[in-house]
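From first to last, the protein sequence lines stand for chains A and V.
Reading the first sequence from the start, the letters are residues 1 to 364 in our numbering.
Reading the second sequence from the start, the letters are residues 365 to 647 in our numbering.
Positions of the beta carbon are idealized from the N, C-alpha and C atoms, including for glycine.
Here's the structure, in structure tokens; my notes come after.
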Amino acid sequence: MPEAPLISVHALSKHYRSFKRREGILGGLRNLFHREYQTVKAVENINFEIGRGEMVGYIGPNGAGKSTTIKMLTGILVPTSGEMLSNGFVPWRQRTAYVKTIGVVFGQRTQLWWDIAAIESFKLLRRIYDVSQRDYDERMELFNQVLGLTELLDVPVRKLSLGQRMRCDLAAALLHNPPILFLDEPTIGLDVVAKDHIRQFLRAINERYKTTVLLTTHDLDDIEELCRRIMIIDRGTVLYDGPLSRLKEQFLRTKQIKFILRDGDQSARLAAFEHNLPALAPNGDSSAATLRLERLDEMTCRLRFDRARVSSSDLIRQILAAVDVRDFVIEDEPIEEIIKRIYSGEAEMSSYQPVEKDSSPVTR
Amino acid sequence: MAAAQTFPLPVHKPSPLAGLKVYAEFVRIGFVNILAFRLRYYTGIITYLINVTVYFFIWRAVFANATGPIAGFSLPQILTYVSAGWILRSFYWNTIDQEMAYEVIDGKIAMDFIKPVSVQGMWLARAMGESAFRLILLTAPTAIIVTLLFPVLPPASKLNFALFLAAAIGSFFIMGALNFIIGTCAIPLTSILALIRAKFWLIELLSGLLIPLNFFPRPIQVLSSWLPFEHIAYTPLQIYLGRLSLAETLRLLAVEYFWVAALLFLGHLWWIRATRKITIHGG
Numbered sequence: 001m002p003e004a005p006l007i008s009v010h011a012l013s014k015h016y017r018s019f020k021r022r023e024g025i026l027g028g029l030r031n032l033f034h035r036e037y038q039t040v041k042a043v044e045n046i047n048f049e050i051g052r053g054e055m056v057g058y059i060g061p062n063g064a065g066k067s068t069t070i071k072m073l074t075g076i077l078v079p080t081s082g083e084m085l086s087n088g089f090v091p092w093r094q095r096t097a098y099v100k101t102i103g104v105v106f107g108q109r110t111q112l113w114w115d116i117a118a119i120e121s122f123k124l125l126r127r128i129y130d131v132s133q134r135d136y137d138e139r140m141e142l143f144n145q146v147l148g149l150t151e152l153l154d155v156p157v158r159k160l161s162l163g164q165r166m167r168c169d170l171a172a173a174l175l176h177n178p179p180i181l182f183l184d185e186p187t188i189g190l191d192v193v194a195k196d197h198i199r200q201f202l203r204a205i206n207e208r209y210k211t212t213v214l215l216t217t218h219d220l221d222d223i224e225e226l227c228r229r230i231m232i233i234d235r236g237t238v239l240y241d242g243p244l245s246r247l248k249e250q251f252l253r254t255k256q257i258k259f260i261l262r263d264g265d266q267s268a269r270l271a272a273f274e275h276n277l278p279a280l281a282p283n284g285d286s287s288a289a290t291l292r293l294e295r296l297d298e299m300t301c302r303l304r305f306d307r308a309r310v311s312s313s314d315l316i317r318q319i320l321a322a323v324d325v326r327d328f329v330i331e332d333e334p335i336e337e338i339i340k341r342i343y344s345g346e347a348e349m350s351s352y353q354p355v356e357k358d359s360s361p362v363t364r
Numbered sequence: 365m366a367a368a369q370t371f372p373l374p375v376h377k378p379s380p381l382a383g384l385k386v387y388a389e390f391v392r393i394g395f396v397n398i399l400a401f402r403l404r405y406y407t408g409i410i411t412y413l414i415n416v417t418v419y420f421f422i423w424r425a426v427f428a429n430a431t432g433p434i435a436g437f438s439l440p441q442i443l444t445y446v447s448a449g450w451i452l453r454s455f456y457w458n459t460i461d462q463e464m465a466y467e468v469i470d471g472k473i474a475m476d477f478i479k480p481v482s483v484q485g486m487w488l489a490r491a492m493g494e495s496a497f498r499l500i501l502l503t504a505p506t507a508i509i510v511t512l513l514f515p516v517l518p519p520a521s522k523l524n525f526a527l528f529l530a531a532a533i534g535s536f537f538i539m540g541a542l543n544f545i546i547g548t549c550a551i552p553l554t555s556i557l558a559l560i561r562a563k564f565w566l567i568e569l570l571s572g573l574l575i576p577l578n579f580f581p582r583p584i585q586v587l588s589s590w591l592p593f594e595h596i597a598y599t600p601l602q603i604y605l606g607r608l609s610l611a612e613t614l615r616l617l618a619v620e621y622f623w624v625a626a627l628l629f630l631g632h633l634w635w636i637r638a639t640r641k642i643t644i645h646g647g
């Protein structure tokens, strides 16, 4: 039986009216008497649904409208138009009742009291979310296992490192075990180990409590490690919404073959191979996008090719015939490249056909 | 460890006492938070002492050539008024407006929204915790030193003192409610430094802290009686000195608490209106 979505967003828009400043002294004076406004469409007509237990990555370039969406979902901003229902609440209309059922972490801010020990903030949160001592102890135990909080709790928050603070903030956001967790750039500025901690923790929480997670990030590793579903937003509109795997399938354009030569004195043979490359491409089209050979160092070469036009087995055969190769790696183009193309408008989003929604929510 | 639980949606227990406990927790954290800044209060004591000293000598100079009371105040009365006034101010004073302005500029105000409490209640509760702290670390030492250094009259009677305390608590709420209203202006206006400064001088003057209001021309006194400000200092100090009849005292206390309710309600409405159009920095 298909479950009703936990979060549903329909035709949601947020427009700001911003005051257009004129430059210089004269302009400044004119500003005093006559103001011109321009409307900024931070979010324009977005639609999506999120099922219980899903972990969704919400990505987009700076200023794309990610944070604005999160702020509407958390009841901080009132939308200009559209509808939204989250966990049965209209966030901005039933703010206090609603926020009891969500957890929020803004990577660039903290909800902990800055100048006092973190434990004081936890005590306060336990009280305002009405968490029983037993639940509190049990959850702190779990948080402690994954996040290692114990030694952090008695230190004033301002003295914690960014990674330590983020661990505390995550625990604080989840103290009342909310069914929904919103994370706005939770791994921003963290080192690899700290990022790994955070991701492990999110997976554990999602597994154990079936917490629904919506996270924005610039770090695609977050997405690859945590989310099956990805939403890409730019200039206020959703460009892609679907599984990460399908994004790759549809927009993966190039693959690359890395090959390592057996010895260093094959320059002549390599040059001859490079010279013959156009012959391998269909219709002699050897533009950089179709086939490109780069020498990474003396022994290593990388050949990028358009997977739609050139077959990799043909290429391998040609390489083997031309040079003496010790090792081969065939790789997809990194996901960053795909996203970069989508942001810059190169990828043809019009060709993207949203496949019928899976009715069963993704659970892992 | 227990097996995976299904979604334990927080149960909403509508108990008014439980609601108060939440705010009590904010009072506690306001208190604990200010502990981190306790050094500031040692200098605060000196600042308040200097203020009392300055006004002490000003009023002594004013009364130097006087043959009798001025505007109904004798010299000992006015000196007590000044001393008690500053002691009182050390208690009711708070900086909700400045802190809110700072949080709006910083974008931190967003974190207030994600807490399941009334934002106004939260700020007031925090300020209450701070005032409780000030009472111990600022008001009490200032009061002791001032009474040792200057000739301060005792309260007119035990009843007067009790009613003075009730009025002083009202002062805190008027101040807090006003500051919340000013602080909320930061949401549409962003920069409210000028507004905060204007409010500062308006309150120093119209609260009667610097000069008792009956020293002002009649029209200003009448105007002031229709405004909330004089209940911050003038009303409690009049009660302390026993300058009013019991009936008049009770009437003024009622008016003061009417203002408390009215300003809290206004602040509530203003907050709702201001946050409809909110734009939060950083996103």
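Could you tell me whether the Cβ atoms of residue i and residue j are closer together than 8 Å?
| i | j | result |
| --- | --- | --- |
| Ile232 of chain A | Gly60 of chain A | yes |
| Arg302 of chain A | Lys258 of chain A | yes |
| Leu570 of chain V | Ser588 of chain V | yes |
| Thr506 of chain V | Tyr412 of chain V | yes |
| Asn524 of chain V | Ala491 of chain V | no |
| Ala11 of chain A | Ser86 of chain A | no |
| Phe455 of chain V | Thr503 of chain V | yes |
| Met84 of chain A | Leu226 of chain A | no |
| Phe143 of chain A | Leu149 of chain A | yes |
| Glu207 of chain A | Gly107 of chain A | no |
| Gly57 of chain A | Leu270 of chain A | no |
By the 10 Å Cβ neighbour count, where 16 or more other Cβ atoms means buried, how is residue i classified, buried or exposed?
| i | result |
| --- | --- |
| Ser18 of chain A | exposed |
| Pro372 of chain V | Reliability fails at Pro372 of chain V, whose pLDDT of 45 lies under 50, so the model's placement of it is uncertain and the value that follows must be treated cautiously. By the 10 Å Cβ count, Pro372 of chain V comes out exposed. |
| Leu512 of chain V | exposed |
| Glu346 of chain A | exposed |
| Ala425 of chain V | exposed |
| Glu224 of chain A | exposed |
| Ala272 of chain A | exposed |
| Phe629 of chain V | exposed |
| Tyr37 of chain A | exposed |
| Arg95 of chain A | buried |
| Val481 of chain V | buried |
| Leu384 of chain V | exposed |
| Ile508 of chain V | exposed |
| Val9 of chain A | buried |
| Leu26 of chain A | exposed |
| Arg453 of chain V | buried |
How would you write the range of the beta strand (DSSP E) that residue i sits in, first residue to last?
| i | result |
| --- | --- |
| Glu331 of chain A | Val325 to Asp332 |
| Ala431 of chain V | This sequence places Thr at residue 431 of chain V; Ala is not what is there. That residue, Thr431 of chain V, is in no beta strand (DSSP E); it is neither H nor E in DSSP. |
| His10 of chain A | Ile7 to Lys20 |
Just to check, is the beta-carbon of residue i closer than 7 Å to a non-hydrogen atom of the ligand GDP?
| i | result |
| --- | --- |
| His10 of chain A | The model depicted lacks the ligand GDP and carries no ligand whatsoever. |
Figure out for me which residue from the options has the closest Cα to the Cα of residue i.
| i | options | result |
| --- | --- | --- |
| Ile409 of chain V | V:Ala388, V:Glu389, V:Gly394 and V:Ile451 | V:Ile451 |
| Ile338 of chain A | A:Leu220, A:Gly103 and A:Ser311 | A:Leu220 |
| Phe537 of chain V | V:Ala489, V:Asn397 and V:Leu610 | V:Ala489 |
| Leu175 of chain A | A:Lys100, A:Thr68, A:Glu36 and A:His218 | A:Lys100 |
| Trp623 of chain V | V:Tyr604, V:Met539 and V:Val516 | V:Met539 |
| Leu181 of chain A | A:Asp169, A:Arg295 and A:Ile342 | A:Asp169 |
| Asp297 of chain A | A:Asp263, A:Ser313 and A:Leu320 | A:Asp263 |
| Gln462 of chain V | V:Ala638, V:Asn397, V:Arg498 and V:Leu559 | V:Leu559 |
| Leu501 of chain V | V:Glu612, V:Phe544 and V:Val396 | V:Val396 |
| Pro179 of chain A | A:Ile102, A:Arg22 and A:Ala64 | A:Ile102 |
| His197 of chain A | A:Ile205, A:Arg167, A:Ser132 and A:Leu215 | A:Arg167 |
| Ile330 of chain A | A:Tyr343, A:Ile342, A:Arg307 and A:Glu336 | A:Arg307 |
| Ile46 of chain A | A:His275, A:Ser312, A:Asp234 and A:Ile342 | A:Asp234 |
From which residue to which residue does the alpha helix (DSSP H) around residue i run?
| i | result |
| --- | --- |
| Cys168 of chain A | Leu162 to Leu174 |
| Leu557 of chain V | Leu557 to Leu570 |
| Asn87 of chain A | It is not in any alpha helix (DSSP H) - Asn87 of chain A carries neither H nor E in the DSSP assignment. |
| Ile551 of chain V | Ala550 to Leu553 |
| Pro243 of chain A | Looking at the DSSP string, Pro243 of chain A is not in any alpha helix (DSSP H); the run it does join, the beta strand (DSSP E), is Thr237 to Pro243. |
Quick one: list the residues of chain C neighbouring residue i, beta-carbon separation under 7 Å, in chain order.
| i | result |
| --- | --- |
| Arg640 of chain V | No chain C appears in this structure, whose protein chains are A and V. |
### Message
Under 7 Å, CB to CB, which of the residues in the segment 19 to 50 of chain A have a partner in chain V?
### Response
none
### Query
Closer than 9 Å, Cβ to any Cβ of chain V: which residues of the segment 112 to 129 of chain A, in chain order?
Trp113, Trp114, Asp115, Ile116, Ala117, Glu120, Ser121, Lys123, Leu124, Leu125, Arg126, Arg127, Ile128 and Tyr129
### Query
Just by C-beta distance, which residues in the segment 514 to 533 of chain V are closer than 7 Å to chain A?
none
### Query
Of the residues that make up the segment 464 to 498 of chain V, which ones have a beta carbon closer than 8 Å to any beta carbon in chain A?
Gly471, Lys472, Ala474, Met475, Phe477, Ile478, Lys479, Pro480, Val481 and Ser482
### Task
Select from the segment 66 to 92 of chain A all residues with a C-beta closer than 7 Å to any C-beta belonging to chain V, and list them in chain order.
Ser67, Thr68, Lys71, Thr74, Gly75, Ile76, Leu77 and Val78
### Task
With 8 Å as the C-beta to C-beta threshold (strictly closer), list the residues of the segment 138 to 172 of chain A near chain V in chain order.
Glu138, Leu142 and Pro156
### Query
Just by C-beta distance, which residues in the segment 228 to 251 of chain A are closer than 8 Å to chain V?
none
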